[in-house]
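Trainee: When you read off a place in the sequence shown, starting at 1, and then add 363, the result is the number in the numbering used here. My questions will all concern the structure given below.
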Amino acid sequence: MLRYSWKKHIIVLVLVTSLLLTSCFGDGMDYHGEYPNLYSVAIHSIIGIYGYDFSEVKFDSKINVIDEDEQGRKLFSYYENSTVSTYNLIICQKTEDDYTYFYPDYNFISSSEDTFSEEEIEQLKEKNDWNKEINEYRCVKAKVTRKKPQGLINRKAVNKLYRFALGEDAYYPNSSIIYLISDNYGRELYTGYGKYSSKRVVVMLLNPDGSYNENASVMELTNYYNYQDELKAFKERNHWNQPLS
364 MLRYSWKKHI IVLVLVTSLL LTSCFGDGMD YHGEYPNLYS VAIHSIIGIY GYDFSEVKFD
424 SKINVIDEDE QGRKLFSYYE NSTVSTYNLI ICQKTEDDYT YFYPDYNFIS SSEDTFSEEE
484 IEQLKEKNDW NKEINEYRCV KAKVTRKKPQ GLINRKAVNK LYRFALGEDA YYPNSSIIYL
544 ISDNYGRELY TGYGKYSSKR VVVMLLNPDG SYNENASVME LTNYYNYQDE LKAFKERNHW
604 NQPLS
């Protein structure tokens, strides 16, 4: 009887633990906070973020509104304990009809510490037309969501480019490749993390059919916090938001 009792307790413990882990990790993939529109801007702007935070039990990314201008733009902070762009200040232009709008490339600044100078903040605001009329022609939009999208391009093609980009430093694709954003013609941007010991991070761009140019479709990050100019140039080299040839 004693032996049976111990077995029964062990089985129950394993089942309960499994349920807790499943629930915890499953819920952790969603954002439960009060700013899904701002969350949606962040996950389509910042390289290398997963959309949730593993550093605490709750898992939610930390979002706080810092300022709002006369047009309703919001300046907010975003944190999820990411290796790249650990602390961020981001500007959302507006939210309307289940979509959120932002200026591409320069709508954020990042740092390894939770400190930003007044000059940096003022420059960010200036680049995003703070207190001016919103220029809708400059905006890109993202559907408001509580879960980071995974991208539509065939995953085998994405994994192939990941292995090409990182070679021996490639790790487990399912946990090391993160979708970022798509252009109006179906091209997609991804972040790829190498093995932790390598400290390598790459940005990858694929065409809608999964094809890519080996000479132009990979950008390796040399600075984890100041890469806006590099990313913009990388997108332009790959004909981002231009009609497919």
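Where a beta carbon is used, it is the ideal one built from N, C-alpha and C, also for glycine.
Just list the residues that DSSP pairs THR554 with in beta bridges.
Mentor: In DSSP, THR554 forms a bridge with ILE541, VAL566.
Trainee: Decide if LYS456 is buried, meaning its Cβ has at least 16 other Cβ atoms within 10 Å, or exposed.
Mentor: One detail in the question is off: residue 456 reads as Gln in this sequence, not Lys. Flag for GLN456 reads buried.
Trainee: Touch check for the segment 521 to 533 and the segment 573 to 581: three-plus C-beta pairs under 8 Å?
Mentor: As far as the Cβ criterion goes, the segment 521 to 533 touches the segment 573 to 581, which means the pair count is three or higher.
Trainee: Exposed or buried, what is THR463 when buried is set at 16 or more other beta-carbons lying within 10 Å of its beta-carbon?
Mentor: Buried: at least 16 other Cβ atoms inside 10 Å.
Trainee: Short of 8 Å in beta carbon distance, which residues of its chain neighbour LYS510, apart from the five on each side in sequence? Order them along the chain.
Mentor: The residues are MET392, ASP393, TYR394, GLY414.
Trainee: By Cβ distance, which residues of its chain are closer than 6 Å to THR458, with the 5 residues on each side in sequence left out?
Mentor: Closer than 6 Å at the Cβ level, and outside the excluded window around THR458, lie ASN400.
Trainee: CA-CA distance, ASN498 and ASP432?
Mentor: Going from the Cα of ASN498 to the Cα of ASP432 covers about 15 Å.
Trainee: What is the residue span of the alpha helix (DSSP H) that ASN427 lies within?
Mentor: No alpha helix (DSSP H) contains ASN427, which is instead part of the beta strand (DSSP E) from 425 to 431.
Trainee: Mapping the DSSP letters down to three states, classify ILE484 as helix, strand or coil.
Mentor: The answer is helix: DSSP assigns ILE484 an H, G or I state.
Trainee: Are the segment 486 to 500 and the segment 433 to 448 touching by the rule of at least three beta carbon pairs closer than 8 Å?
Mentor: Counting Cβ pairs under 8 Å, three or more are found: they touch.
Trainee: Name the residue from MET567, GLY557, TYR535 whose alpha carbon lies nearest to the alpha carbon of ARG550.
Mentor: Of the listed residues, the one whose Cα sits closest to ARG550 is MET567.
Trainee: So who's on the other strand from LYS506, going by DSSP bridges?
Mentor: Its beta-bridge partners are TYR462.
Trainee: Considering ILE406, what are the terminal residues of the beta strand (DSSP E) in which it resides?
Mentor: That residue, ILE406, is in no beta strand (DSSP E); its alpha helix (DSSP H) goes 399 to 406.
Trainee: Going by beta carbon distance, what residues of the same chain come within less than 8 Å of ASN547, once the five residues before and after it are set aside?
Mentor: Here the set comprises ASN604.
Trainee: Within its chain, find whatever has a CB closer than 6 Å to the CB of LYS425; leave out the 5 residues flanking it on each side and keep chain order.
Mentor: These residues qualify, in order along the chain: TYR442.
Trainee: Taking contact to mean 3 or more Cβ pairs, one atom from each stretch, closer than 8 Å, check whether the segment 502 to 518 and the segment 464 to 472 are in contact.
Mentor: The segment 502 to 518, when compared against the segment 464 to 472, does touch it at the 8 Å Cβ threshold.
Trainee: According to the Cβ coordinates, are SER475 and TYR588 closer than 8 Å?
Mentor: Their beta carbons are under 8 Å apart, which means SER475 touches TYR588 by this criterion.
Trainee: The ligand ZN and SER448: does any heavy atom of the ligand fall closer than 7 Å to the residue's C-beta?
Mentor: As presented, the structure is devoid of all ligands, the ligand ZN included, so that no description of it is given.
Trainee: For ILE454, count the other beta carbons within 10 Å of its own beta carbon; 16 or more makes it buried, fewer makes it exposed. Which is it?
Mentor: Looking at its Cβ environment, which holds 16 or more other Cβ atoms inside 10 Å, ILE454 is buried.
Trainee: Assuming TYR442 is part of the beta strand (DSSP E), what are its boundary residues?
Mentor: That run of the beta strand (DSSP E) goes 437 to 442.
Trainee: Taking its Cβ as the centre, do 16 or more other Cβ atoms sit within 10 Å of ILE429, making it buried, or is it exposed?
Mentor: Classification for ILE429: exposed.
Trainee: In whole angstroms, what separates the C-alpha of ILE516 from that of PRO606?
Mentor: About 17 Å.
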